[in-house]
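Novice:
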Amino acid sequence: MDEITITAVLKAKAGKEEELRQALLDVVPPSRAEKGCILYVLHESREEEGTFVFYEKWMSQEALESHIGSEHYGAYRERAAELVDSREVYKLKTID
Numbered sequence: 003m004d005e006i007t008i009t010a011v012l013k014a015k016a017g018k019e020e021e022l023r024q025a026l027l028d029v030v031p032p033s034r035a036e037k038g039c040i041l042y043v044l045h046e047s048r049e050e051e052g053t054f055v056f057y058e059k060w061m062s063q064e065a066l067e068s069h070i071g072s073e074h075y076g077a078y079r080e081r082a083a084e085l086v087d088s089r090e091v092y093k094l095k096t097i098d
């Protein structure tokens with residue numbers, strides 16, 4: 003089994019922090035319920051309002067692809083498109 007870790011850093015557009023926070027919170031429960039999801043945690047920066055970080059662990063590439071293709075993820079991306087100023091996603095592997 004080749005687990006995949008994702009770290010996604012999203013920064014809200016000015017004045018859109020609360021809207022983005024809610025859009026992100028709404029995608030958490032259905033994502034956690036997906037087959038192949040090991041961990042799906044949303045964080046918010048203590049130092050920079052409107053900066054959010056997802057930390058995710060998926061059982062496989064197939065599980066990750068299923069998540070990306072899910073209805074709730076697509077709805078979240080559409081909703082967040084006008085709220086996000088920047089988005090950086092890192093697909094990680096464990097090396098120790």
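As numbered in the working numbering, residues 3 to 98 make up the sequence shown, in order. Every residue, glycine too, gets a C-beta built ideally from N, C-alpha and C.
#1: Verify whether the separation of the beta carbon atoms of V86 and A14 is less than 9 Å.
#2: Between E5, V29 and L44, which has its C-alpha nearest V11's C-alpha?
#3: Taking a contact to mean a Cβ-Cβ separation below 9 Å, would you say K59 touches I97 in this structure?
#4: What do you reckon, are the CB atoms on S62 and D4 nearer than 9 Å?
#5: Could you please give me the residues that DSSP links to Y92 through a beta bridge?
Specialist: According to the data block:
#1: In the sequence shown, residue 86 corresponds to position 84, counting from 1. In the sequence shown, residue 14 corresponds to position 12, counting from 1. Yes.
#2: Here residue 11 corresponds to residue number 9 of the sequence shown, with the count starting at 1. Of the listed residues, the one whose Cα sits closest to V11 is L44.
#3: What you label residue 59 is simply residue 57 of the sequence shown in a count that begins at 1. What you label residue 97 is simply residue 95 of the sequence shown in a count that begins at 1. No, these two residues do not count as a Cβ contact at 9 Å.
#4: Position 60 of the sequence shown holds residue 62. Position 2 of the sequence shown holds residue 4. The answer is yes: Cβ separation under 9 Å.
#5: What you label residue 92 is simply residue 90 of the sequence shown in a count that begins at 1. DSSP output for Y92 lists T9 as bridge partner(s).
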